[in-house]
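Novice:
2 protein chains.
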Amino acid sequence: MTGDDFLSSVRLAAEALAAKASTYVLSSLDNEGYPAMRALLAPRRRNGIITMHFSTNSSSRHVAEFVNDSRACVYIYDPDLFQGLLLKGRVAVSRDQRVLDDMWFDGDEVFYPLGRTDPDYSALLFTAQSGRWYENLATVDFTL
Amino acid sequence: MTGDDFLSSVRLAAEALAAKASTYVLSSLDNEGYPAMRALLAPRRRNGIITMHFSTNSSSRHVAEFVNDSRACVYIYDPDLFQGLLLKGRVAVSRDQRVLDDMWFDGDEVFYPLGRTDPDYSALLFTAQSGRWYENLATVDFTL
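Residue numbers (my numbering), protein chains in the order written: chain A, 2 to 145; chain B, 2 to 145.
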């Protein structure tokens with residue numbers, strides 16, 4: 002296998018993991034520069050492993066953290082297969098109504114009682130710049 | 002319930018989650034100050050939710066990251082119960098042989114072929130200073 006073929010196979014495995022993961026962990030930096038993470042439901046919109054749109058509450062702490070510092074990472078893993086994917090990138094916070102409308106799912110009133118124009122409904126737009134793939138005891142780094 | 006009773010019940014729930022979680026996610030800061038995470042097996046030694054000793058490869062990137070900047074967080078969650086625990090603290094990297102001996106499990110030769118004195122065998126000693134508990138749509142902050 003050439004180096005390019007190898008990286009293509011890693012990308013395919015990473016995209017397969019992203020497609021099946023129901024929970025994503027997103028990390029921000031808190032007001033003292035410490036990493037801070039939380040689990041989120043899978044992104045509402047996702048373009049491969051490059052861009053991911055998550056919905057969240059405007060009032061949640063990581064929204065304020067990303068407004069202050071956009072540096073971020075996303076992590077997904079399968080503990081049974083010993084596979085993990087770390088994506089490094091930045092998060093933009095959006096309250097653009099077109100973005101929010103596009104991400105809305107039936108039943109989201111549970112989280113945002115006022116509906117798609119609820120001021121507590123925000124989008125976190127993650128864009129990856131590089132990735133690291135973990136499988137068994139090996140790691141592979143790649144740019145995006 | 003008084004405030005103290007409430008915090009005690011949160012602490013108990015957090016400790017129960019820590020006891021049953023088989024995978025922990027640990028976040029460091031990379032050389033550009035971005036958060037970076039990876040999944041680890043449950044800590045080999047754990048004192049409640051205050052201190053946790055993880056084993057890892059000395060050559061792994063997060064070891065170098067923690068030597069450079071000890072700011073860290075640990076995250077565990079149960080996606081079925083919508084429970085999550087974020088612990089903020091610091092990580093010290095140790096190659097103290099007494100610490101390494103104490104953490105050694107039968108079969109660890111898979112990770113460290115030269116045994117308990119393998120130079121590629123290191124300990125990550127996490128100490129929490131505060132916590133955040135997630136359950137359903139609520140969060141509770143506490144100091145440790």
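For each residue, glycine too, the CB sits at the ideal point set by N, CA and C.
Distance cutoff 7 Å, beta carbons only. Does residue 78 of chain A sit that close to anything in chain B?
Specialist: Here residue 78 of chain A refers to the residue found at position 77 when the first sequence is read from its first residue. By this cut-off, residue 78 of chain A is an interface position.
Novice: What is the rounded straight-line gap between the Cα of residue 120 of chain B and the Cα of residue 115 of chain A?
Specialist: Start at 1 with the first residue of the second sequence, and residue 120 of chain B comes out as number 119. Start at 1 with the first residue of the first sequence, and residue 115 of chain A comes out as number 114. Near 58 Å, if we compare the C-alpha coordinates of residue 115 of chain A and residue 120 of chain B.
Novice: Span of the beta strand (DSSP E) holding residue 90 of chain A?
Specialist: If you number the first sequence from 1, residue 90 of chain A lands on position 89. Element bounds for residue 90 of chain A: 84-95.
Novice: Decide yes or no for the touch test of the segment 29-44 of chain A against the segment 136-145 of chain A: beta carbon pairs closer than 8 Å, at least 3 of them.
Specialist: These segments do not touch.
Novice: Is residue 35 of chain B close to chain A, meaning its C-beta is less than 7 Å from at least one C-beta of that chain?
Specialist: Translated into positions along the second sequence, residue 35 of chain B becomes position 34. Yes - at least one Cβ of chain A is within 7 Å of the one on residue 35 of chain B.
Novice: Evaluate contact between the segment 99-119 of chain A and the segment 72-79 of chain A, counting only Cβ atoms and requiring at least three cross-stretch pairs below 8 Å.
Specialist: The segment 99-119 of chain A vs the segment 72-79 of chain A: no contact.
Novice: Classify residue 87 of chain B as buried or exposed, calling it buried when 16 or more other Cβ atoms lie within 10 Å of its own Cβ.
Specialist: For the purposes of this step, residue 87 of chain B is taken as the residue at position 86 of the second sequence. Residue 87 of chain B comes out buried.
Novice: Along the chain, where does the beta strand (DSSP E) containing residue 139 of chain B start, and where does it finish?
Specialist: Walking along the second sequence from the start, residue 139 of chain B turns up at place 138. It spans 139-144 - the beta strand (DSSP E) in which residue 139 of chain B sits, taken as one unbroken run.
Novice: Alpha carbons only, please: which of B:111, B:136, B:57, B:25 is nearest the one belonging to residue 94 of chain B?
Specialist: In the second sequence, the residue the question calls residue 94 of chain B occupies position 93. For residue 94 of chain B, the nearest C-alpha among the options comes from B:57.
Novice: Hey, how far is the Cα of residue 89 of chain A from the Cα of residue 5 of chain A?
Specialist: Sequence index remark: in the first sequence, residue 89 of chain A carries index 88 (1-based). Sequence index remark: in the first sequence, residue 5 of chain A carries index 4 (1-based). In a straight line, the C-alpha of residue 89 of chain A is about 21 Å away from that of residue 5 of chain A.
Novice: Going by C-alpha to C-alpha distance, which of A:97, A:46, A:72, A:80 sits closest to residue 130 of chain A?
Specialist: On the first sequence, position 129 is the one that residue 130 of chain A refers to. Comparing Cα positions, the closest option is A:72.
Novice: Quick one: what does DSSP say residue 79 of chain A is sitting in, helix, strand or coil?
Specialist: In the first sequence, residue 79 of chain A corresponds to position 78, counting from 1. Strand at residue 79 of chain A.
Novice: List the residues that DSSP assigns as beta-bridge partners of residue 26 of chain A.
Specialist: Residue mapping note: residue 26 of chain A aligns to position 25 of the first sequence, counting from 1. Paired residue(s): A:40, A:76.
Novice: Quick check: what's the CA-CA separation for residue 106 of chain B versus residue 43 of chain B?
Specialist: Against the second sequence, residue 106 of chain B aligns to sequence position 105. Against the second sequence, residue 43 of chain B aligns to sequence position 42. Whole-angstrom Cα-Cα distance: 12 Å.
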